[in-house]
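Here's the structure we're looking at; comments come further down.
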Amino acid sequence: MTEPSGEDGDACRDGGVSRRQVVRNGLAGLSGLSIPGLLDLNAAGTMAQTAPSAQSRMEARPVTLDDVAARAESLARTPYRPHDDDLPQELKGLTYDDTQAIRFRPEATVPLGPGFSLQPFHRGGLQPRRVDIFFQKAGQAPEPFGYDAKLFDLGPALKDRSYPAALGYAGFRIAHAFDSAKPDAQEEFLVFLGASYFRVRGKSQIYGLSARGIAVDTGAPTGEEFPDFTTFWIGPVEGETITVLALLEGPSLTGAYRFRVTPGDPSTLQVTATLFPRRAIANLGLAPLTSMFIDGENGPGARGALPFDDFRPQVHDSDGLLVQTPGDRLWRPLTNGRAAPQTSAFRAAPLEGFALLQRERRFAAYLDVQARHEDRPGLWVRPESGFGAGAVRLFEIPSREEATDNIVAAFVPEAKVEAGRRIDLAYALVTVGAEPAAAMAPPLARVVSSRVGSAERLRPTNPPSPRRRLYAIDFEGPGLPDDPKAAIEVALSASVGAFVEPYAEHVAQTGGWRLYAEFRPPEPMPPGDVVLRARLSHAGKVITETWDGVA
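Under the working numbering, the first residue of the sequence shown is numbered 235, with each subsequent residue one higher.
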């Protein structure tokens, strides 16, 4: 893979500023956005006609997931045709600053139903692609949401410009009143912008990692493919839940998605999807998550990595991958600083869930007043149908730039993905803040930190052996004995080399337990990662997650 996984892979391939920077800067202050009075766009006459390509999809009743699936299946039988390159030249040439100068007028915010509202994103610069948007109410035909320049302050570069309704939008964001007693105090919580990327947050969180509709050939030598959500049908609102339907189009497959989104603490997305492959796909990532990890508590974590020179102790939107299978829960701290991208696979048959999490929730761990990394959400993927046997694959790209996502996690099924063979999926996405979270079972003690340093500092040898490494792994949570004299059983393994002299002790300051284990590598060290694993048991019962690290 030659391009980073940012908010929009195509934007990253084109060079310049990643879409992550556009989203971060444009929305940095909006995670707590309070929406002022809403304007009825129908009454104001701003609901213009949409492009003919989208008009043909309208019906005299609400569009359903089956309707979108039928459209996706029909498209899959024909060669892929991307949307026309209809973006005016002055919009194509917008600089980063010009793009940031385009602002949606808050008074034009679109009401979607009780407690929900929407604002679209303007096309241009790093947001070139058009999405068609329709609004839906129960029992009514979809209403096309055509472009209207009056909804925006276009900034000095586009002053006095006007464009037709067919220009469309780049994406949209949805706000909700988290406090039911204050229905007008709406805060943005969901964004769809770029390829099949979307972001969601729970109450009191700010945006961090992204989810995607699908991942195609992540890490493949031929390069990753980024299908697009091209059409959205938004609504209806039912109580605290809003439905979003989406049509996915790409060279290798098409798809139909339904997102039933319930914001709160946590926020939950119930995802139902039907995919139609145009070709055999060797590496199809289901329910993919994308995040950023630069530096953590154990440094970059990779052998021979350079230290990250920064005043902040840690910089990341996620600090680890969690994989739940029957009888086991595995925690892999994220790693940066390898010489080349690395793929790790964790077999799951069946998969009960996986997540990219931000476990470190203390401000003191980051010391970044603006970024507020301690408030970034995790996302837990809970499969419901269509996953089967396979593996959660973690793809880590070496990076020194926090503006670019360099972490991808997705479930890759063992079953072959063949042209013309329909794939039906259902899963839930749940935002996670401070743990333990009810979504994740069984109630095992968690890995809360993993640190590594020279074993010579505490266990010197003569002559010194600088390649000896001492791991200190902290566990906290339910099931850990309170008695510091409890007989703790330690299970350790290394793919090569050996652990020696493991020792577990009770940590009175936290109520948890710490495992010390010295790793002695082989000579010479093999290329690639050496996989290390550890977990604790008591009275014949496993009481902790499995820590999975690399050396």
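No residue lacks a Cβ here, since even glycine has one placed at the ideal position from N, Cα and C.
Simplified DSSP state of Gln323, which is helix, strand or coil: By one-based count along the sequence shown, residue 323 stands at place 89. Looking at Gln323 - three-state DSSP - the assignment turns out to be helix.
Delimiting residues of the alpha helix (DSSP H) encompassing Val302: Start at 1 with the first residue of the sequence shown, and residue 302 comes out as number 68. Unbroken alpha helix (DSSP H) run through Val302: 299-310.
Counted within 10 angstroms of its Cβ, other Cβ atoms place Gln370 as buried (16 or more) or exposed: Counting from 1 along the sequence shown, the entry for residue 370 is found at position 136. With 16 or more other Cβ atoms within 10 Å, it is buried.
DSSP-derived helix/strand/coil call for Ala335: Start at 1 with the first residue of the sequence shown, and residue 335 comes out as number 101. Looking at Ala335 - three-state DSSP - the assignment turns out to be helix.
Classification of Phe545 by the beta-carbon crowding that lies within 10 angstroms, buried from 16 upward: Stepping through the sequence shown from its first residue, residue 545 is reached at position 311. So Phe545 ends up on the exposed side.
Whole-angstrom distance between Arg435 and Gln504, CA atom to CA atom: For the purposes of this step, residue 504 is identified with residue 270 of the sequence shown, where counting begins at 1. For the purposes of this step, residue 435 is identified with residue 201 of the sequence shown, where counting begins at 1. Taking the straight line joining both Cα atoms gives about 14 Å.
C-alpha distance - Val549 paired with Ala490, whole-angstrom precision: One-based indexing of the sequence shown puts residue 549 at position 315. One-based indexing of the sequence shown puts residue 490 at position 256. Approximately 36 Å, taken between the alpha carbons.
Beta-carbon contacts of Ala409 that lie in its chain and below 8 Å, excluding the five residues immediately before and after: Walking along the sequence shown from the start, residue 409 turns up at place 175. Excluding positions up to five away in sequence, the list reads Leu267, Ile269, Thr343, Phe350, Ser351, Leu352, Gln353, Gln420, Glu421, Glu422, Phe423.
Opening and closing residue of the beta strand (DSSP E) in which Arg581 lies: As a position in the sequence shown, residue 581 is number 347, starting the count at 1. Run containing Arg581: 576-582, per the beta strand (DSSP E) assignment.
Alpha-carbon to alpha-carbon, Glu735 and His772: Translated into positions along the sequence shown, residue 772 becomes position 538. Translated into positions along the sequence shown, residue 735 becomes position 501. Rounded to the nearest angstrom, the two C-alpha atoms are 18 Å apart.
Enclosing beta strand (DSSP E) for Tyr431 [first to last residue]: By one-based count along the sequence shown, residue 431 stands at place 197. Looking at the DSSP string, the run of the beta strand (DSSP E) that includes Tyr431 is 431-434.
Arg566 to Ala738 span [Cα, whole Å]: As a first step, residue 566 is located in the sequence shown; it is residue number 332 there, counting from the start. As a first step, residue 738 is located in the sequence shown; it is residue number 504 there, counting from the start. Going from the Cα of Arg566 to the Cα of Ala738 covers about 20 Å.
Any C-beta of chain C under 8 Å from that of Ala732: Chain labels in this structure do not include chain C; a single protein chain is all it has.
Range covered by the beta strand (DSSP E) that runs through Gln353: Start at 1 with the first residue of the sequence shown, and residue 353 comes out as number 119. Taken as a continuous stretch (DSSP letters only), the beta strand (DSSP E) holding Gln353 covers 350-355.
Environment of Phe597 [buried if 16+ CB atoms lie within 10 Å]: As a position in the sequence shown, residue 597 is number 363, starting the count at 1. Exposed, by the Cβ-count rule.
Best match in Asp658, Ala751, Leu479 for proximity to Val471 [C-alpha to C-alpha]: On the sequence shown, position 237 is the one that residue 471 refers to. Of the candidates Asp658, Ala751, Leu479, the one whose C-alpha sits nearest the C-alpha of Val471 is Leu479.
Bounding residues of the beta strand (DSSP E) (the contiguous stretch that carries Arg656): If you number the sequence shown from 1, residue 656 lands on position 422. First-last for Arg656: undefined, no H or E at that position.
As assigned by DSSP and simplified to three states, the class of Val776: Walking along the sequence shown from the start, residue 776 turns up at place 542. Val776: strand per DSSP, three-state reduction.
The segment 321-330 / the segment 495-504 touching (three or more Cβ pairs under 8 Å): no
Cross-strand partners of Phe426 (DSSP beta bridge): By 1-based counting over the sequence shown, the position of residue 426 is 192. Note: Phe426 sits in a beta bridge opposite Phe406, Phe432.
CB-CB length for Tyr661 against Arg627, believed under 8 Å: Counting from 1 along the sequence shown, the entry for residue 661 is found at position 427. Counting from 1 along the sequence shown, the entry for residue 627 is found at position 393. Incorrect: roughly 16 Å between the Cβ atoms, too far for contact.
Rounded straight-line distance, which links the Cα of Gly380 to that of Pro345: For the purposes of this step, residue 345 is taken as the residue at position 111 of the sequence shown. For the purposes of this step, residue 380 is taken as the residue at position 146 of the sequence shown. About 15 Å.
Cutoff 6 Å; reference Ile476; Cβ partners in own chain excluding five residues on either side: Taking the first residue of the sequence shown as position 1, residue 476 is located at position 242. Only Phe350, Val495 meet the Cβ criterion.
Local Cβ density within 10 Å of Val302, reported as buried at 16 or more and exposed below that: As a position in the sequence shown, residue 302 is number 68, starting the count at 1. Flag for Val302 reads buried.
Stretch-stretch touch, CB-based, cutoff 8 Å, three pairs: the segment 439-452 with the segment 607-621: yes
Proximity to Val710 [Cα-Cα], best of Thr524, Ala449, Gly746: Indexing the sequence shown from 1 puts residue 710 at position 476. A small fix is needed here, since residue 710 is Glu in this sequence, not Val. It is Gly746.
With 16 other Cβ atoms within 10 Å as the buried cut-off, status of Asn696: Numbered from its first residue, the sequence shown carries residue 696 at position 462. Answer is exposed; the Cβ neighbour count stays below 16.
Between the CA atoms of Ala625 and Phe432 - distance to the nearest angstrom: Along the sequence shown, one-based indexing puts residue 432 at 198. Along the sequence shown, one-based indexing puts residue 625 at 391. Cα-Cα distance, rounded: 23 Å.
Ranges of the beta strand (DSSP E) found wholly within the segment 503-552, counting only runs of at least 3: 518-525, 527-529
Local Cβ density within 10 Å of Pro717, reported as buried at 16 or more and exposed below that: The residue given as residue 717 occupies position 483 in the sequence shown. A small correction: the amino acid at residue 717 is Asp; Pro does not occupy that position in the sequence shown. Exposed, because fewer than 16 other Cβ atoms sit within 10 Å of the Cβ of Asp717.
Residue of Ser552, Arg581, Arg572, Phe542 minimising C-alpha distance to Pro560: Locating residue 560 in the sequence shown gives position 326, counting from the first residue. Among Ser552, Arg581, Arg572, Phe542, the Cα nearest to that of Pro560 belongs to Arg581.
Buried versus exposed call for Val257 [16 or more other C-beta atoms within 10 Å across all chains shown]: In the sequence shown, residue 257 corresponds to position 23, counting from 1. Confidence at Val257 is low in this model, with a pLDDT of 39, below 50, so the placement of that residue is unreliable and no value is reported for it.
Chain-order list of residues whose beta-carbon lies under 6 Å from that of Ser578 (same chain, five-residue window excluded): Taking the first residue of the sequence shown as position 1, residue 578 is located at position 344. The residues are Leu628.
Proximity to Gln592 [Cα-Cα], best of Leu568, Ile722, Pro340: Within the sequence shown, the letter at position 358 stands for residue 592. It is Leu568.
Coarse secondary structure for Pro340, derived from DSSP in three states: Position 106 of the sequence shown, counting from 1, holds the residue named residue 340. The answer is helix: DSSP assigns Pro340 an H, G or I state.
Contact under 8 Å by Cβ, Thr312 with Leu564: In the sequence shown, residue 312 corresponds to position 78, counting from 1. In the sequence shown, residue 564 corresponds to position 330, counting from 1. No; because the gap between Cβ atoms is not below 8 Å, this pair is not in contact.
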